[in-house]
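One point on numbering: in numbering that gives the first Met the number 0, the residue at position 217 of the sequence shown is 216, and numbering is uninterrupted. One structure is given below, encoded as structure tokens.
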Amino acid sequence: MDEVPLETRELRYFVAVAEELHFGRAAERLGMAQPPLSRAIQRLERRLGVRLLARDRRGVALTDAGRTLLHEGRAALEATLAAGRRARRAGAEGGAGERLVLAVKAGAFHELLRKLLAAHAAEPGSAEVEVVPSGVCEQEEMLRDGRADVALLHVPPRSLAGFDSERLSTEGQVAVLPAGHPLAARASLSMAEVGAVPDLPLARWPGRDGFPPGPGPEIHDQTQLAQLIALGRAAAVFPESATSWLWSAHAAVPLVDAPEVAGHLAWPAHSRSRALAALVRTATRL
Numbered sequence: 000m001d002e003v004p005l006e007t008r009e010l011r012y013f014v015a016v017a018e019e020l021h022f023g024r025a026a027e028r029l030g031m032a033q034p035p036l037s038r039a040i041q042r043l044e045r046r047l048g049v050r051l052l053a054r055d056r057r058g059v060a061l062t063d064a065g066r067t068l069l070h071e072g073r074a075a076l077e078a079t080l081a082a083g084r085r086a087r088r089a090g091a092e093g094g095a096g097e098r099l100v101l102a103v104k105a106g107a108f109h110e111l112l113r114k115l116l117a118a119h120a121a122e123p124g125s126a127e128v129e130v131v132p133s134g135v136c137e138q139e140e141m142l143r144d145g146r147a148d149v150a151l152l153h154v155p156p157r158s159l160a161g162f163d164s165e166r167l168s169t170e171g172q173v174a175v176l177p178a179g180h181p182l183a184a185r186a187s188l189s190m191a192e193v194g195a196v197p198d199l200p201l202a203r204w205p206g207r208d209g210f211p212p213g214p215g216p217e218i219h220d221q222t223q224l225a226q227l228i229a230l231g232r233a234a235a236v237f238p239e240s241a242t243s244w245l246w247s248a249h250a251a252v253p254l255v256d257a258p259e260v261a262g263h264l265a266w267p268a269h270s271r272s273r274a275l276a277a278l279v280r281t282a283t284r285l
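Here's what the structure looks like:
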């Protein structure tokens, strides 16, 4: 079968249409007129020899081939974007030495991160590490799109596909509740007990495909979550080490049946950075 090389522009056009499932909205998102976008997608389909989109009076839907290209195209665009960002970051150093950007969820891994940074800084010739506290479930995306070189993240639920990683910790989980709630006085809770409280729905975290269904509020940042819990409008489940951000209006109760979560240091599998390799060696020694 003949190879059909794809251009970044083609992928960007297709991903926009595939995500919007509407040529007009995709054209507006891309800042272009709809007719040339439609022609570009048709040319792409002819070149590939497959239908990517099924069009009818009801709208636009992805074919099996289209779903495959959406998945692969997103990854390819992310890799291209990441390469540019990391190249600019390396060039901006001006000979001053490599700098690593480490993404970590705000409030998480506080003690582990403190020890890691101190041990790394004590190594001769160690690179500067810029710590970027990230939003909810954002570390993986920061690695994929090049905003970060390395990340501390919890597994599960996030995926390590495409990354190399080292497991640094394993810990239990806790329910974070309003301090005045009756369940906050318990020595421990089960997941079923936490999920069965009608006045404290579990907060919903964003994923790649949006928020999961459920009655709980959609959470966009740590401050929003903290306030909703303090007001008695939501509850959340966190790894034990991620509770350093708790307010006095919060309580953390151990969950006896929640799965343990592992803390991983993760980085792109193709990385050849010596500075990153040095940071990983320091982390594994800890």
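The C-beta atom is built at its ideal place from N, Cα and C for all residues, glycine as well.
- If you draw a straight line from the C-alpha of V193 to the C-alpha of A202, how long is it? 12 Å
- With a threshold of 16 other CB atoms inside 10 Å of the CB of E137, please say whether the residue is buried or exposed. buried
- Cα-Cα separation between P156 and E2, rounded to whole angstroms: The predicted position of P156 is uncertain, since its pLDDT is 46 and thus under 50; a value taken from the coordinates is nonetheless stated next. Taking the straight line joining both Cα atoms gives about 36 Å.
- Query: Start and end of the beta strand (DSSP E) containing F162?
  - Reply: F162 -> beta strand (DSSP E) spans F162 to E170.
- Can you give me the Cβ contacts of R69 inside the same chain, cut-off strictly under 8 Å, excluding the 5 residues immediately before and after it? This sequence places Leu at residue 69; Arg is not what is there. Closer than 8 Å at the Cβ level, and outside the excluded window around L69, lie F13, V14, A17, E18 and L61.
- Message: Using a Cβ-Cβ cutoff of less than 6 Å, which residues in the same chain neighbour L101 once the five nearest sequence positions on both sides are dropped?
- Response: Within the same chain, Cβ atoms closer than 6 Å to the Cβ of L101 are found at V128, V130 and V149, the five residues on either side in sequence being excluded.
- Task: Take R185 and list the residues in its own chain whose beta-carbon comes closer than 6 Å to its own, dropping the five residues that flank it on each side.
- Result: For R185, where only same-chain residues beyond five positions count, the Cβ hits under 6 Å are V252.
- Item | Spatial distance of T79 from R87 (CA atoms) | 13 Å
- Task: Could you tell me if L152 is buried or exposed, where buried requires 16 or more neighbouring beta carbons within 10 angstroms of its beta carbon?
- Result: buried
- State whether the stretch 222–241 contacts the stretch 175–184, with contact taken as three or more CB pairs (one from each stretch) at a distance under 8 Å. yes
- In three-state DSSP terms, what is R185? coil
- Message: I'd like the list of long-range same chain contacts for R8, defined as Cβ closer than 7 Å, with 5 residues on each side in sequence excluded.
- Response: Same-chain partners within the cutoff: there are none.
- Mark V103 as exposed unless 16 or more other C-beta atoms lie within 10 angstroms of its C-beta, in which case mark it buried. buried
- Message: Considering Cα atoms alone, identify which of G161, S168, G215 and A250 is closest to T283.
- Response: S168
- Item | Spatial distance of R85 from F162 (CA atoms) | 16 Å
- Give me the Cβ distance between E139 and E259, rounded to the nearest whole Å; I'm assuming they're in contact under 8 Å. Not quite, the Cβ-Cβ distance comes to about 20 Å (not below 8 Å), so this is no contact.
- Task: Measure from the alpha carbon of L76 to the alpha carbon of each residue in L47, D144, A117 and D55, then state which is nearest.
- Result: D144
- Message: Within 10 Å of its beta-carbon, does H119 have 16 or more other beta-carbons around it, so buried, or fewer, so exposed?
- Response: buried
- Top-ranked residue by Cα proximity to S37, from A233, R166, A25 and E122: A25
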